[in-house]
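Chemist:
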């Protein structure tokens, strides 16, 4: 299929208005929307066509509370690495929407999948986790096109999350995601707006 | 901006018709298309808004030949891991379009960026490389919407590529990409069609 200018423009809208969302309404996400998002993840690229991503939707209240507490512990440790003004700025940032987001997804990579028969990952085994990142980003864009926000929480202890969720040894945590209806839409990263880190342009040189 | 059904449908087309391309025409890619693709990479998500991706467009013939030779060395080693039928099947696969693709991009991650001030990557430093993967996938989708194919070559020795391209110590190779006009369009992964690895559905469970 040859794609056209309308595809390009629509994709640009989705990419431009995708944000890392930390401000969620508590309203639920329709199950049919989640079903579509899950199906769309099947379209992500993967090394050896191995599709090594494993999604756990965390509904259990105790598990969610334990994971949220882990974020708070790790976030306090991260804040302590800064001093004075930087620490005050850091503490003013909202870095997770875990309390309000109706949907929590823990995304793992199966590091020893049968699928793919090892193809493409002998010299760079990290391509399995990279495949999972592609699946997360596919979900992110598909969610945005459905006007559902997604926030990626990385300020957590992966081993602790594995322990809380009792996952197999070969699973590696790749990301913890919050999904829900966003409080607001934006085309500019929050870290740029707050002055923590301004947008920089892609570095591209010819050799 | 609220997105609509047309955005969702267009995104689904782009995702569905994105392939890992290994069959390229040798025709060049217009510079204005490359300029648009580079600008679109600025829209990728990144940890701490650090945008740690570093793109080297490899035009030098000797460097391209050295990198292609490295692929061939590593691919032969990978083939030797299989026996009998599997090795025959592996050797029948075309796993890189490096000879024909007009554009070669080596994509690195700056593992010690000033940008982002460390935010979001204390417990999971791999989120820097994950950000680069997001930038690669952004490029991949934007290219597909321009009817430009992209192939990700992972069967290479990252240290050897760094040596050939003489990159800074803190740069880590995340992927090596071929871009160009594809010989054909497809909505099905080649590894599924050849029977190497059939498509499997996304694993998703509730806990």
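Chains as they are written, first to last, in this note's numbering: chain X, -19 to 187; chain B, -19 to 187. Every residue, glycine too, gets a C-beta built ideally from N, C-alpha and C. Remember, it's a predicted structure, so these values are computed and weren't measured experimentally.
1) From the beta carbon of residue 157 of chain B, is the nearest beta carbon of chain X less than 9 Å away?
2) Can you pull the chain B residues whose beta carbon is under 7 Å from the beta carbon of residue 107 of chain X, in chain order?
3) Given this structure, state the Cα-to-Cα distance separating residue 15 of chain X from residue 67 of chain X, to the nearest angstrom.
4) Would you list, in sequence order, the uninterrupted beta strand (DSSP E) runs of no fewer than 3 residues that lie entirely inside the segment 80 to 151 of chain B?
5) Relative to the C-alpha of residue 107 of chain B, which residue among X/174, X/132, X/158, X/162 is closest?
6) Using a Cβ-Cβ cut-off of 7 Å (strictly less than) and excluding sequence neighbours within five positions of residue 44 of chain B, which residues of its own chain qualify?
7) Give the residues of chain X in contact with residue -3 of chain B, contact being defined as C-beta atoms less than 8 Å apart.
8) Let me confirm a value: residue 90 of chain X is counted as buried when at least 16 other C-beta atoms fall within 10 Å, else exposed. Which label applies?
9) Could you work out which residue in B/93, B/80, B/20 is closest to residue 149 of chain B when comparing CA atoms only?
10) Answer yes or no: does any C-beta atom of chain B fall closer than 9 Å to that of residue 3 of chain X?
11) Name, going along the chain, the residues of the segment 32 to 46 of chain B whose beta-carbon falls closer than 8 Å to a beta-carbon of chain X.
12) In whole angstroms, give me the CA-to-CA distance for residue 184 of chain X and residue 40 of chain X.
13) Examine chain B for any beta-carbon lying closer than 9 Å to the beta-carbon of residue 57 of chain X, and answer yes or no.
14) How many angstroms separate the CA atom of residue -2 of chain X from the CA atom of residue 17 of chain X?
15) Among B/174, B/177, B/25, B/163, which residue has its Cα nearest to the Cα of residue 181 of chain X?
16) What residues from chain X crowd round residue 185 of chain B, counting only those whose CB sits closer than 9 Å?
Modeler: Inspection of the coordinates gives the following:
1) no
2) 134
3) Cα atoms of residue 15 of chain X and residue 67 of chain X: separation of roughly 41 Å, rounded to the nearest angstrom.
4) 83 to 90, 129 to 133
5) X/132
6) Closer than 7 Å at Cβ, skipping near neighbours: 38, 84.
7) Neighbours of residue -3 of chain B in chain X, taken as residues whose beta carbon is under 8 Å from its own, are -19, -17 in chain order.
8) So residue 90 of chain X counts as buried.
9) Of the listed residues, the one whose Cα sits closest to residue 149 of chain B is B/93.
10) Chain B places no beta carbon closer than 9 Å to that of residue 3 of chain X, leaving this residue out of the contacts.
11) 33, 34, 35, 36, 37, 38, 39, 40, 43
12) Residue 184 of chain X and residue 40 of chain X have their C-alpha atoms spaced approximately 45 Å apart.
13) yes
14) It is roughly 15 Å from the alpha-carbon of residue -2 of chain X to the alpha-carbon of residue 17 of chain X.
15) Residue nearest to residue 181 of chain X within the set B/174, B/177, B/25, B/163 is B/25 (criterion: CA-CA distance).
16) 34, 35, 36, 37, listed in chain order.
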